[in-house]
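In our numbering, the protein residues as written are 72 to 133.
In this text, a Cβ means the ideal position worked out from N, Cα and C, and glycines have one as well.
Please read the structure below before turning to the comments.
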Amino acid sequence: MATEALTHLRTRFGSSESFTYEQAGRVLREHDIESVLVDDLLETLLLRGYLYEVGDNLRITD
Numbered sequence: 072m073a074t075e076a077l078t079h080l081r082t083r084f085g086s087s088e089s090f091t092y093e094q095a096g097r098v099l100r101e102h103d104i105e106s107v108l109v110d111d112l113l114e115t116l117l118l119r120g121y122l123y124e125v126g127d128n129l130r131i132t133d
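As structure tokens, then:
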């Protein structure tokens with residue numbers, strides 16, 4: 072499911088574009104990912120190195 076979430080985020084945000092947790096959650100919910108899973112999926116993507124934090128924003132790793 073984390074791979075699916077990453078695909079949705081990559082479709083919406085480019086690798087040079089930063090976005091908030093709220094924006095990421097909105098994108099995932101638009102793709103029928105349950106709200107209760109969004110935070111866990113974002114944390115998983117961060118821990119696996121697919122996303123990284125810049126201040127209060129997220130970016131997709133190249």
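Pick helix, strand or coil for residue i, following the three-state DSSP scheme.
| i | result |
| --- | --- |
| methionine 132 | Residue identity check: residue 132 is threonine in the sequence provided, not methionine. Reduced to three states, the DSSP call for threonine 132 is coil. |
| tyrosine 123 | strand |
For residue i and residue j, I'd like the C-alpha separation in whole angstroms.
| i | j | result |
| --- | --- | --- |
| glutamate 93 | glycine 85 | 17 Å |
| isoleucine 131 | alanine 95 | 11 Å |
| histidine 102 | leucine 77 | 12 Å |
| glutamate 75 | glutamate 114 | 14 Å |
| leucine 116 | methionine 72 | 10 Å |
Around the C-beta of residue i, are 16 or more other C-beta atoms found within 10 angstroms, so that it is buried, or is it exposed?
| i | result |
| --- | --- |
| valine 107 | exposed |
| valine 125 | exposed |
| leucine 118 | exposed |
Check the DSSP bridge columns for residue i and list the partner residues they point to.
| i | result |
| --- | --- |
| threonine 78 | None, per the DSSP bridge assignment. |
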